[in-house]
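**Q**
Number of protein chains: 2
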Amino acid sequence: MREFKRLTPYKEALEMMLNDIEEVKEVEELPLDKALGRVLGEDVTSPIDLPPFNRSAVDGYALRAEDTFQAREYAPIELEVIDEITAGMESEKEVTNGRAIRLMTGNKMPNGANAVIMQEYVKREENKIYVLRPVAPGENVAFKGEDVKKGEVILKKGQILRPQDLSMLKALGFKTVKVKRKPKVGIIVTGDELIEELNEKALESGKILDSNSAMLKGLVRDYFSEPVFYGVIPDDEELIRATLERAKCECDLVLITGGSAFGEKDYAHKFVKLLFHGCTNKPGRPIGYGEKVFVMSGYPSAVFAQFHLYVKYALAKLAGANYKPIKIKATLMGKVPSSLGRHEFVKVYYEDGKAYPIRKKGSGIISALVESNGYIEVPENSEGYKEGVEVWVTLY
Amino acid sequence: MREFKRLTPYKEALEMMLNDIEEVKEVEELPLDKALGRVLGEDVTSPIDLPPFNRSAVDGYALRAEDTFQAREYAPIELEVIDEITAGMESEKEVTNGRAIRLMTGNKMPNGANAVIMQEYVKREENKIYVLRPVAPGENVAFKGEDVKKGEVILKKGQILRPQDLSMLKALGFKTVKVKRKPKVGIIVTGDELIEELNEKALESGKILDSNSAMLKGLVRDYFSEPVFYGVIPDDEELIRATLERAKCECDLVLITGGSAFGEKDYAHKFVKLLFHGCTNKPGRPIGYGEKVFVMSGYPSAVFAQFHLYVKYALAKLAGANYKPIKIKATLMGKVPSSLGRHEFVKVYYEDGKAYPIRKKGSGIISALVESNGYIEVPENSEGYKEGVEVWVTLY
Numbered sequence: 382m383r384e385f386k387r388l389t390p391y392k393e394a395l396e397m398m399l400n401d402i403e404e405v406k407e408v409e410e411l412p413l414d415k416a417l418g419r420v421l422g423e424d425v426t427s428p429i430d431l432p433p434f435n436r437s438a439v440d441g442y443a444l445r446a447e448d449t450f451q452a453r454e455y456a457p458i459e460l461e462v463i464d465e466i467t468a469g470m471e472s473e474k475e476v477t478n479g480r481a482i483r484l485m486t487g488n489k490m491p492n493g494a495n496a497v498i499m500q501e502y503v504k505r506e507e508n509k510i511y512v513l514r515p516v517a518p519g520e521n522v523a524f525k526g527e528d529v530k531k532g533e534v535i536l537k538k539g540q541i542l543r544p545q546d547l548s549m550l551k552a553l554g555f556k557t558v559k560v561k562r563k564p565k566v567g568i569i570v571t572g573d574e575l576i577e578e579l580n581e582k583a584l585e586s587g588k589i590l591d592s593n594s595a596m597l598k599g600l601v602r603d604y605f606s607e608p609v610f611y612g613v614i615p616d617d618e619e620l621i622r623a624t625l626e627r628a629k630c631e632c633d634l635v636l637i638t639g640g641s642a643f644g645e646k647d648y649a650h651k652f653v654k655l656l657f658h659g660c661t662n663k664p665g666r667p668i669g670y671g672e673k674v675f676v677m678s679g680y681p682s683a684v685f686a687q688f689h690l691y692v693k694y695a696l697a698k699l700a701g702a703n704y705k706p707i708k709i710k711a712t713l714m715g716k717v718p719s720s721l722g723r724h725e726f727v728k729v730y731y732e733d734g735k736a737y738p739i740r741k742k743g744s745g746i747i748s749a750l751v752e753s754n755g756y757i758e759v760p761e762n763s764e765g766y767k768e769g770v771e772v773w774v775t776l777y
Numbered sequence: 382m383r384e385f386k387r388l389t390p391y392k393e394a395l396e397m398m399l400n401d402i403e404e405v406k407e408v409e410e411l412p413l414d415k416a417l418g419r420v421l422g423e424d425v426t427s428p429i430d431l432p433p434f435n436r437s438a439v440d441g442y443a444l445r446a447e448d449t450f451q452a453r454e455y456a457p458i459e460l461e462v463i464d465e466i467t468a469g470m471e472s473e474k475e476v477t478n479g480r481a482i483r484l485m486t487g488n489k490m491p492n493g494a495n496a497v498i499m500q501e502y503v504k505r506e507e508n509k510i511y512v513l514r515p516v517a518p519g520e521n522v523a524f525k526g527e528d529v530k531k532g533e534v535i536l537k538k539g540q541i542l543r544p545q546d547l548s549m550l551k552a553l554g555f556k557t558v559k560v561k562r563k564p565k566v567g568i569i570v571t572g573d574e575l576i577e578e579l580n581e582k583a584l585e586s587g588k589i590l591d592s593n594s595a596m597l598k599g600l601v602r603d604y605f606s607e608p609v610f611y612g613v614i615p616d617d618e619e620l621i622r623a624t625l626e627r628a629k630c631e632c633d634l635v636l637i638t639g640g641s642a643f644g645e646k647d648y649a650h651k652f653v654k655l656l657f658h659g660c661t662n663k664p665g666r667p668i669g670y671g672e673k674v675f676v677m678s679g680y681p682s683a684v685f686a687q688f689h690l691y692v693k694y695a696l697a698k699l700a701g702a703n704y705k706p707i708k709i710k711a712t713l714m715g716k717v718p719s720s721l722g723r724h725e726f727v728k729v730y731y732e733d734g735k736a737y738p739i740r741k742k743g744s745g746i747i748s749a750l751v752e753s754n755g756y757i758e759v760p761e762n763s764e765g766y767k768e769g770v771e772v773w774v775t776l777y
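So the sequence lines, in the order shown, correspond to chains A and B. Residues 382 to 777 in this note's numbering are what the first sequence spells out, letter by letter. Residues 382 to 777 in this note's numbering are what the second sequence spells out, letter by letter.
1. What are the boundary residues of the alpha helix (DSSP H) that includes R622 (chain B)?
2. Taking Cβ-Cβ distances below 8 Å as the criterion, which residues of the region 415 to 431 of chain B are in contact with chain A?
3. Apart from the five residues just before and just after G639 (chain B), which ones in its own chain have a Cβ nearer than 6 Å to its Cβ?
4. CB K654 (chain B) to CB G669 (chain B), shorter than 7 Å?
5. What does the Cβ neighbour count give for K673 (chain B), buried or exposed, with the cut at 16 atoms within 10 Å?
6. Can you tell me whether DSSP reads P786 (chain A) as helix, strand or coil?
7. Identify whether K705 (chain B) lies in helix, strand or coil by the three-state DSSP scheme.
8. List, in chain order, every chain B residue whose beta-carbon is nearer than 7 Å to that of L713 (chain A).
9. What is the C-beta distance between G818 (chain B) and T712 (chain B), in whole angstroms, given that I count them as a contact (C-beta under 8 Å)?
10. Please confirm if S678 (chain A) has its CB atom under 7 Å from at least one CB of chain B.
11. Taking the alpha carbon of F555 (chain A) as the point to measure from, which residue in B:K386, B:K556 and B:I576 has its own alpha carbon closest?
12. Using a Cβ-Cβ cutoff of less than 8 Å, which residues in the same chain neighbour N762 (chain B) once the five nearest sequence positions on both sides are dropped?
13. Answer yes or no: does any C-beta atom of chain B fall closer than 7 Å to that of S472 (chain A)?
14. Mind listing which residues of the region 498 to 529 of chain A have their C-beta closer than 9 Å to chain B's C-betas, in chain order?
15. Is it right to say V405 (chain A) is buried, meaning 16 or more other beta carbons lie within 10 angstroms of its own, or is it exposed?
16. Would you please verify whether the beta carbon of G374 (chain A) is less than 7 Å from any beta carbon of chain B?
17. In this structure, does DSSP put A456 (chain B) in helix, strand or coil?
18. Give the residues from the region 655 to 682 of chain B that approach chain A closer than 8 Å (Cβ to any Cβ), ordered along the chain.
19. For Y756 (chain A) and A394 (chain A), I'd like the C-alpha separation in whole angstroms.
20. Bridge partners of P718 (chain A), per DSSP?
21. Quick one: residues in its chain with C-beta nearer than 7 Å to the C-beta of L547 (chain A), no 5 flanking neighbours on either side, listed in chain order?
22. Classify D464 (chain A) as helix, strand or coil using the three-state DSSP reduction.
23. For I498 (chain A) and A443 (chain A), I'd like the C-alpha separation in whole angstroms.
24. What does the alpha-carbon distance come out to for the pair T775 (chain B) and H689 (chain B)?
25. Quick one: residues in its chain with C-beta nearer than 7 Å to the C-beta of K698 (chain B), no 5 flanking neighbours on either side, listed in chain order?
26. Span of the alpha helix (DSSP H) holding A394 (chain B)?
27. Take P432 (chain A) as the anchor and find which of B:G493, B:L542, B:F726 and B:E581 has the nearest alpha-carbon.
28. Please go through the same chain and pick out, in chain order, the residues whose beta-carbon is closer than 7 Å to the beta-carbon of A552 (chain A), but skip the five residues on each side of it.
29. Leaving out the 5 sequence neighbours to the left and right, which residues in its chain are closer than 6 Å to Q500 (chain B) when beta-carbon positions are compared?
30. Closer than 9 Å between beta carbons: that is the criterion. Which residues of the region 543 to 560 of chain A meet it against chain B?
31. Quick check on DSSP: helix, strand or coil for A416 (chain B)?
32. For chain A, is any of its Cβ atoms less than 7 Å away from the one on E574 (chain B)?
33. Taking Cβ-Cβ distances shorter than 7 Å, what residues in chain A pair up with M596 (chain B)?
34. For the region 467 to 497 of chain B, which segments carrying the beta strand (DSSP E) assignment without a break, of at least 3 residues, lie completely within its bounds, in sequence order?
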């Protein structure tokens, strides 16, 4: 029985793999409505100023600021209201000294006016107002281009489009947006022990139900990509080889689970020229990568860790996404022992600044995945963390 | 010009609103493949034990632990290998004293064996092994039901289904899952000033492009629900009334933006019996709610705040989702002043434990939404936070 001669350090393996992955080239043009969560395929520059004109930031009266400098509660200044503007309209009149125009939040500033006084600070009597306090030039005016300037880059290539990004695109008049094609990710699950339908007899004789396919399909969807499932394949050398070939042709990346170690029936790694095979991460040590194929473990918990330690970064790079996991500071609520030389992936439940390690052991334990909502990483040079220390959690 | 007589405190308004919202009753049965991100409609109990049998947690040899108690590197114990099991198979032979069966990770434990020794700790010579160290009874065995017990509740009603939850369901033999029907959320955008296509002339005369529809559609999708867009409606009392009636009939909740204040053309609130109208939150003070309708501001930044302060909680309750925003501890990297009596929604950019306040002011500023990735809340009884203090950030 062969074993790994040398484990590649996690960070070294990650870098080798990322250097090998190339961003998907194609972009597709989608209506804004279909673009949520997609990856922007090019920088977007604004075709207009936003606001497109100087506008009032409040409901009130546009006037000349210098008319109000002497205004006080006990000595109001009288101005004549020469026009009233409603939403989306503009006034053709010009504001000159001694005059004001009634307007609403968002209305275009009338010519001649250089400030707006809020309606709360005037008394209105028919076509007169009495201004009760001074306003400065520019007060309560939102200036043309103060939100976005014409020609400014407003969203960068690689942005994962959120509701507010779509709002910005819409505000600038875009109806469509160019996004990266979603990477296609082939998923092959292997193992003679796997069945796909509940069958008590089969379970009693030593079979188990496949669960990796459902997990990987979901994870791939969560990370900018489209899963293509090639089924549960028995440990048949030729069948695995053929399925792998097909998946490599049809997909941008392939994930094959089971058979990543050196058992007699662990075929997957025989058909791929691997850049590395066997790394310091724990669980999931027997991971291999080469030729756009990840050779992964069979156990769900190991597969899950391998996905978060390696595959999600590969998907982000493939998809061209400007992605970096968000790190959260938390107080560790239990001891986390770790072995020197291993990069450990430790599942935690995070809530309100506290990280509770999920103690269930065994890479076959799916309930630990369900109970956790994030993980901490313990690098090779650490023997773990004591209870009460600050750690960085990544949520999943 | 009427103003709000009294502002309802934010938390009071939130509670009133949530008390009025009722969970969607209907569930639908979906294949696991379609259930990612959906809300579980009922508790799920496991039909089987997981693992379904005692199994080996390592590659090695199943044996009787007591045979190994005296084993040492310098004094190995010889055992006879009576069978070899491959993936998904079981042995019909029984392990008795002096005998062992070769097996792989995941194999069912043969009868008679009570422990497994890892292959690294034996020397194999033909049909003999030499055990180099002792193992304890139960060592390297994953026991039947240690992950999940038959009859145990494995996922609770309201769970927002993640990849690992789907993996669990699949591992227990489920092919479909009952999820809540997605709430339908009507979106009505009002305002004479709004145009839907870029038109330089219209912009020059005081119009602006609608952006709330794109934002709200995206937000609604992000929070378990399905948007139904009723278009951009001019400030026409009858048209607004009719559209609102239709949306109330067709949807579980309605969001209407624009016209939530008391301008002459702010009609929306006239047609809804509001539980509250005008709250202490800032921005977005003129929010109103009643009869499953949110009467919201017109300005994107105010609408965005109102969504995160109110609407997302309404959607979670409607959808029956077990949802609570995750709070992240961060060091505040700038001063955040706030007015007493106002519950402020302050946009921040969070990275690596630090929260940078986004200083752009004005509720019309969309770029501040694009630049931020979360918010902090400053309650009514606080005058704000100094630079350097710890705050709780919620990411969006």
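We treat Cβ as the ideally placed atom computed from N, Cα and C, and that holds for glycine.
**A** To lay it out plainly:
1. E618 to E631
2. L417, P428, I429 and L431
3. T571, G572 and G679
4. no
5. buried
6. One cannot answer for residue 786 (chain A) here, as it falls past the ends of chain A, which runs 382 to 777.
7. coil
8. Simply none; closest approach about 13 Å.
9. Any question about residue 818 (chain B) goes unanswered here, given that chain B covers just 382 to 777.
10. no
11. B:I576
12. L721
13. no
14. Q500, E501, R505, A523, E527, D528 and V529
15. buried
16. For residue 374 (chain A) there is no data in the structure shown, the boundaries of chain A being 382 and 777.
17. strand
18. G679, Y680 and P681
19. 20 Å
20. A:G765
21. L413, A416 and L417
22. strand
23. 7 Å
24. 10 Å
25. L399, I402 and E404
26. Y391 to D401
27. B:E581
28. L431
29. D440 and G441
30. R543, P544, Q545, D546, L547, S548, M549, L550, K551, A552, L553, G554, F555 and K556
31. coil
32. yes
33. P544, Q545, L547 and S548
34. 480 to 484
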